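Enquirer: Structure incoming, see below.
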Amino acid sequence: MDKQHNRSAVILILVAGIASYLDAALLVSAGVALPLWTKAFQLNPLMVGAISTALTVAVACGSFVGGWLSDRFGRVTIFNVDILFVAVGALVIALAQNITWLFVGIIIAGLASGADLPTSLAVISERMSKKDYGKAISATQLFWTAGILISQFIGFLTASMATKAPQIIFGWIALVALIDWAVRVFSSRFKQIEEQLVQQNEAAPVNAEQPRISIVQLLKSKQYLITLVALTGFYLFWNLPANTWGSFVNYFLVISAHRTQSFATLIALIANVACFAVNVWYIRVSDSKHRYHIMYVGLVAALAAFIFAGIYSDVWLVFTVAYIVYSATTVLCGESLYKIWSQSFYPQNARASLTGFSYGIVRILTAGFSLITPTLMGYSPQLLMWVLAGCVVIYGGCAIFITQLIKHYQISDPTIESK
Numbered sequence: 308m309d310k311q312h313n314r315s316a317v318i319l320i321l322v323a324g325i326a327s328y329l330d331a332a333l334l335v336s337a338g339v340a341l342p343l344w345t346k347a348f349q350l351n352p353l354m355v356g357a358i359s360t361a362l363t364v365a366v367a368c369g370s371f372v373g374g375w376l377s378d379r380f381g382r383v384t385i386f387n388v389d390i391l392f393v394a395v396g397a398l399v400i401a402l403a404q405n406i407t408w409l410f411v412g413i414i415i416a417g418l419a420s421g422a423d424l425p426t427s428l429a430v431i432s433e434r435m436s437k438k439d440y441g442k443a444i445s446a447t448q449l450f451w452t453a454g455i456l457i458s459q460f461i462g463f464l465t466a467s468m469a470t471k472a473p474q475i476i477f478g479w480i481a482l483v484a485l486i487d488w489a490v491r492v493f494s495s496r497f498k499q500i501e502e503q504l505v506q507q508n509e510a511a512p513v514n515a516e517q518p519r520i521s522i523v524q525l526l527k528s529k530q531y532l533i534t535l536v537a538l539t540g541f542y543l544f545w546n547l548p549a550n551t552w553g554s555f556v557n558y559f560l561v562i563s564a565h566r567t568q569s570f571a572t573l574i575a576l577i578a579n580v581a582c583f584a585v586n587v588w589y590i591r592v593s594d595s596k597h598r599y600h601i602m603y604v605g606l607v608a609a610l611a612a613f614i615f616a617g618i619y620s621d622v623w624l625v626f627t628v629a630y631i632v633y634s635a636t637t638v639l640c641g642e643s644l645y646k647i648w649s650q651s652f653y654p655q656n657a658r659a660s661l662t663g664f665s666y667g668i669v670r671i672l673t674a675g676f677s678l679i680t681p682t683l684m685g686y687s688p689q690l691l692m693w694v695l696a697g698c699v700v701i702y703g704g705c706a707i708f709i710t711q712l713i714k715h716y717q718i719s720d721p722t723i724e725s726k
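Numbering (this note's numbering), first residue to last: 308 to 726.
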């Protein structure tokens, strides 16, 4: 039974984890394509920022709506619809011949991807024991890393293809989304696995038999209000540097540092291979008593990377090394923890709504920052690096505060209880 349960859990994570893959793939692929779109459509820095901003805002709006819809109409229903529109949006981007259609595709794909993220996390957490939250949810982060890695790899292979490169990059995303949608909708085996895991983990399905709790009602509670603010603050200030380097590393190395497109994509590929390897290791220890010791290691590494990049901002080699170090260690203190915490602090019937609400706030604010990032990078790369170093200090403080909240509110956390 244990082997069968584990096999079913793996299949669920594989199918649901594609949401994280597509989220990262869309963001990073847009970053890879930015220099190509800049030349093909003759974009100025403001328009470059607008492309990244449009995608981030679309993901944010999708998160707001998708989490609420899944709590109201059912996880699986929304789970299945979202992924189809990711495929449609990515296909529009791939075929776009002008800036208008590019924005149309970005908005469709972003909305659908944002809606799928909180929904997929809730689907996984409702079918897993809390002692396995770290492994299961960290595995979705592995998909997120794979989204970065594969997108950078395809970008590297297509670097010399000019305008055809975005077609291949986003055509692949559309294909992955379409296959995942087909499995979700047409596979009777997958539907059976979902039902079995709910029963085996004694997780009640979210339906009319459970009292529905609105976000407004929850936020009247001091516990949930403080938790939401702390988790949102942590994710926001972690996401600002992560999104900046993920979306604009190619732009910086090609446009500002005058490196080639092939060099930029190769460096990003190396960095994310290291990130993927660390992520695989992290899954093994994420449910152990060392979870929070490892978190501090990641915080120190991230801070050191930005400090050195700030001091030597005019040396592209230092920037490159700092990028690799940050990429390899950020998984130790970032989105995996946010996902684990978001599924641990909130009531089952409101997890998707609150997580989507938090995601939405973070993505909107990140979008605003993305709009000015190319201009800020052109004005002073050093200033940008110091701003990102400040972000590390803030999200590090939020992380420490959240660990105290876990103890204060006696939230079930096997990694603390086992000490």
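C-beta atoms are modelled at their ideal positions from N, C-alpha and C, and glycine is treated no differently. Here the structure is a predicted model, which means the values were calculated and not measured.
Are the Cβ atoms of L678 and G356 separated by less than 7 Å?
Expert: The answer is yes: Cβ separation under 7 Å.
Enquirer: When DSSP labels each residue in this structure, what does F497 get in the three-state scheme?
Expert: Three-state result, F497: helix.
Enquirer: Going straight from the alpha carbon of Y633 to that of A609, what length do you get?
Expert: Y633 and A609: Cα-Cα distance of roughly 5 Å.
Enquirer: Taking the straight line between their C-alpha atoms, what separation do you get for I601 and V607?
Expert: Roughly 10 Å separates the two Cα atoms.
Enquirer: In the DSSP assignment, find the unbroken alpha helix (DSSP H) run with F348 in it and report its ends.
Expert: Run containing F348: none; DSSP gives neither H nor E here.
Enquirer: Count the other CB atoms, across all protein chains shown, that sit within 10 Å of the CB of Y630; report buried if there are 16 or more and exposed otherwise.
Expert: Y630 comes out buried.
Enquirer: Can you tell me whether DSSP reads A666 as helix, strand or coil?
Expert: Sequence check: residue 666 is Tyr here, not Ala. It is helical.
Enquirer: Just verifying my parser: in three-state terms, what is the DSSP assignment at R654?
Expert: Checking the sequence, you will find Pro at residue 654 rather than Arg. P654: coil per DSSP, three-state reduction.
Enquirer: Return helix, strand or coil for D621, following the three-state DSSP convention.
Expert: Three-state DSSP puts D621 in coil, outside helix and strand.
Enquirer: Inspect the beta-carbon positions of A466 and Q349 and report whether they are closer than 7 Å.
Expert: No, these two residues do not count as a Cβ contact at 7 Å.
Enquirer: Tell me which residue opens and which closes the alpha helix (DSSP H) that S427 is part of.
Expert: Unbroken alpha helix (DSSP H) run through S427: 406 to 432.
Enquirer: Which two residues bound the contiguous alpha helix (DSSP H) that contains Q717?
Expert: Looking at the DSSP string, Q717 is not in any alpha helix (DSSP H), and its letter there is neither H nor E.
Enquirer: Throw me the rounded Cβ distance for the V625 and A616 pair, which I believe falls under 8 Å.
Expert: 6 Å between Cβ atoms; contact.
Enquirer: Using three-state DSSP, classify R379 as helix, strand or coil.
Expert: The answer is helix: DSSP assigns R379 an H, G or I state.
Enquirer: Please state whether DSSP places M435 in a helix, a strand or coil.
Expert: Looking at M435 - three-state DSSP - the assignment turns out to be coil, as it is neither helix nor strand.
Enquirer: Thinking C-alpha only, which one of D594, S620, R382 is nearest K498?
Expert: Among D594, S620, R382, the Cα nearest to that of K498 belongs to R382.
Enquirer: Please confirm whether V393 and A365 have their CB atoms less than 7 Å apart.
Expert: No, the pair does not count as a contact, with Cβ atoms beyond the cut-off.
Enquirer: Whole-angstrom Cβ separation of P473 and A340, contact assumed at under 8 Å?
Expert: Contact flag correct, Cβ pair sits at about 4 Å.
Enquirer: Going by beta carbon distance, what residues of the same chain come within less than 7 Å of Q371, once the five residues before and after it are set aside?
Expert: Reading the sequence as shown, one finds Phe at residue 371 and not Gln. Result list for F371: G663, F664, G667, in chain order.
Enquirer: Buried or exposed: where does Q650 fall if 16 or more other Cβ atoms within 10 Å of its Cβ makes it buried?
Expert: It counts as buried.
Enquirer: Which class does S743 belong to by DSSP, given the choice of helix, strand or coil?
Expert: The displayed coordinates of the chain run from 308 to 726. Any statement about residue 743 would go beyond what the structure contains.
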